[in-house]
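Heads up, the thing below is written out as structure tokens.
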Amino acid sequence: MEVLTKMHRNILYISLNGELDEKTAEYTRLALEKCMLQANAGQIVIDLANLSFMDSTGIGVLIGRYKKMKDRGIPIFISNPSVQAERIFNMTGLYKIMPKIKGAI
Amino acid sequence: MNKKIINTMSMTIPAKSENESFARAAVAAFCSSLDPTVDEISDLKTAVSEAVTNCVVHAYQKRQSNDDIITIACELAEDMLTVKISDHGVGIPDIKQAMQPFYTTVKDGERSGMGFTVMQSFMDKISVNNNEGGGTVVTMQKNFTKEAEKVSGE
Ligand SMILES: Nc1ncnc2c1ncn2[C@@H]1O[C@H](COP(=O)(O)OP(=O)(O)OP(=O)(O)O)[C@@H](O)[C@H]1O
Ligand SMILES: [Mg+2]
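Here the protein sequences come in this chain order: A and B.
Using numbering that gives the first Met the number 0, you'd call the opening residue of the first sequence number 0 and step up by one each time.
Using numbering that gives the first Met the number 0, you'd call the opening residue of the second sequence number 0 and step up by one each time.
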């Protein structure tokens, strides 16, 4: 898993590259936390175009970060999910708290 | 009428999280003779990953020990795959409750309790049972699109 970031205006774009499962969850959690806290962004976009795999462990990682950023009033958006990720998001109602947006980095 | 069994595969792996990616890739490769679609393979990988993760996280409590064994048994009967993922871990006291959406026994971690719901949705059939001598057996089935039903000229 590789967590890449880019700042544009006050938006922090984060790209997840690789597989998000139990093996990579802890690293991903820490990497997301670190860049989200350092960036001083007004909004965050997590781009999943290069996420080749994700299971329900990934939902836990994303919701956990949502809770942390919600306390600071920073909204998180999701872009470019795979078919499978999208189905899991719809099942869990994730888009209600982290809406899907169009566009790429 | 029973379908004719055309292939079988069985593997055992220690319950370590680094084996998850290998396990789902192995089951996907086992099905390659059916010429599955990209979506069918992704669905299958996701479901297998859910079951294996549950063995690592719940059954064996993240011990990551070589002594904790997960068995993955696959059977291809014509266009239908049956995959049985079993452990000898702590077992599930109330299986019906465990399979409810959003139900998780993990209090302090970040778990959504959606693993079984994902397996249910990505496979055609799932049953969960107690394993003989302790632990859990998850049996899932998936029907693959027959060649003739696929859009031709891809
Ligand atoms: N192999 C297993 N051995 C023991 N307990 C299990 C096993 N599989 C599942 N469970 C129990 O069933 C519950 C529900 O499992 P499920 O996969 O649906 O959610 P989760 O693993 O808690 O969260 P998520 O999969 O969304 O990360 C678990 O919290 C656990 O208590
Ligand atoms: Mg699970």
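Using N, Cα and C, we set each Cβ at its ideal position, and we do this for glycine too.
Predicted model, so just to flag it, every value in this text is computed and none were measured.
- With a threshold of 8 angstroms between beta carbons, E85(A) makes no contact with chain B.
- Taking A72(B) as the centre and dropping the five residues before and after it, the same chain places the C-beta of S9, K83 closer than 6 angstroms to its C-beta, in chain order.
- Within the same chain, M0, S51, F52 come within 7 angstroms of E18(A) by CB-CB distance, once the 5 residues on both sides are set aside.
- Listed along the chain, the chain B residues whose CB falls inside 7 angstroms of the CB of T56(A) are T52.
- The region 78-94 of chain B and the region 130-145 of chain B touch, with no fewer than 3 CB-CB distances between them shorter than 8 angstroms.
- Of the candidates K95(B), T70(B), L75(B), T70(B) places its Cα closest to the Cα of G88(B).
- Below 8 angstroms, too few C-beta pairs join the region 25-34 of chain B and the region 86-105 of chain B to call them touching: fewer than three.
- Of the heavy atoms belonging to ligand 2, none sits nearer than 7 angstroms to the Cβ of T27(A).
- The C-beta of M90(A) comes closer than 8 angstroms to at least one C-beta of chain B.
- Using a Cβ-Cβ distance cut-off of 8 angstroms, the region 103-111 of chain B and the region 67-82 of chain A are not in contact, since fewer than three pairs of beta carbons, one from each stretch, lie closer than that value.
- For K44(B), the C-beta contacts it makes with chain A under 9 angstroms involve F52, D54, Q83, in order along the chain.
- Among the bridge pairs identified by DSSP, V82(B) is matched with C73(B), M139(B).
- Relative to ligand 2, S55(A) has its C-beta within less than 7 angstroms of a heavy atom.
- For the C-beta of K22(A), the chain B residues within less than 8 angstroms are, from N- to C-terminus, S16, E17, E19, S20.
- The continuous stretches of alpha helix (DSSP H) do not include F101(B), and DSSP gives it neither H nor E.
- Around the beta-carbon of A28(B), fewer than 16 other beta-carbon atoms lie within 10 Å, marking it exposed.
- At a cut-off of 8 angstroms between beta-carbon atoms, V2(A) makes no contact with chain B.
- Boundaries for L11(A): no alpha helix (DSSP H) harbours it, while the beta strand (DSSP E) harbouring it runs 10-19, taken from the DSSP string.
- Membership of V60(A) in the alpha helix (DSSP H) is indicated by the continuous run 55-70.
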